[in-house]
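Peer 1: Below: one structure in structure tokens.
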Amino acid sequence: YCTEIFDYLSLSAIIDGKIFCVHGGLSPSIQTLDQIRTIDRKQEVPHDGPMCDLLWSDPEDTQGWGVSPRGAGYLFGSDVVAQFNAANNINMICRAHQLVMEGYKWHFDET
37 YCTEIFDYLS
47 LSAIIDGKIF
57 CVHGGLSPSI
67 QTLDQIRTID
77 RKQEVPHDGP
87 MCDLLWSDPE
97 DTQGWGVSPR
107 GAGYLFGSDV
117 VAQFNAANNI
127 NMICRAHQLV
137 MEGYKWHFDE
147 T
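Printed below as a string of structure tokens:
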């Protein structure tokens, strides 16, 4: 039963109105935080689509969107982050999907 709880957890959170927290990353289908709020979270994670992208996408030293080698989600560049941050009046994206031995890693000039 414990794993069923995951189907009810929030997909993202906002800290102090300025830090967007998400497990994976961004989605080409989502430009605003309001679009995330409309996703029906009470379901298992689909194999593609916005919910999947929020959980599986990763930042990459590139521009725009790229195909993820994971087979789910996308790779996204600094320009995508800048556009998302500006559109949503946030300063930073905080994510947790990838192990970083130092405990944290800044991507794209601390955004």
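Heads up, the sequence shown is in our numbering, so the first residue is 37 and it goes up one at a time. Just so it is clear, CB atoms sit at the ideal spot from N, CA and C, and this is done for glycine as well. All values reported here derive from a predicted model rather than from experimental measurement.
1. Where does Leu135 sit, in a helix, a strand or coil, going by DSSP?
2. Return helix, strand or coil for Phe112, following the three-state DSSP convention.
3. Ignoring anything shorter than 3 residues or poking outside the stretch 42-98, list the beta strand (DSSP E) runs there in chain order.
4. Do the stretch 69-77 and the stretch 103-112 touch if we need at least three Cβ pairs shorter than 8 Å?
5. Across which residues does DSSP place Trp101 in a beta bridge pair?
Peer 2: On the basis of the supplied data:
1. Locating residue 135 in the sequence shown gives position 99, where the first residue counts as 1. Three-state result, Leu135: coil.
2. By 1-based counting over the sequence shown, the position of residue 112 is 76. In this structure, Phe112 counts as strand in the three-state DSSP scheme.
3. The stretch 42-98 contains these whole beta strand (DSSP E) runs: 48-51 and 55-58.
4. no
5. In the sequence shown, the residue the question calls residue 101 occupies position 65. Beta-bridge pairing links Trp101 to Phe112.
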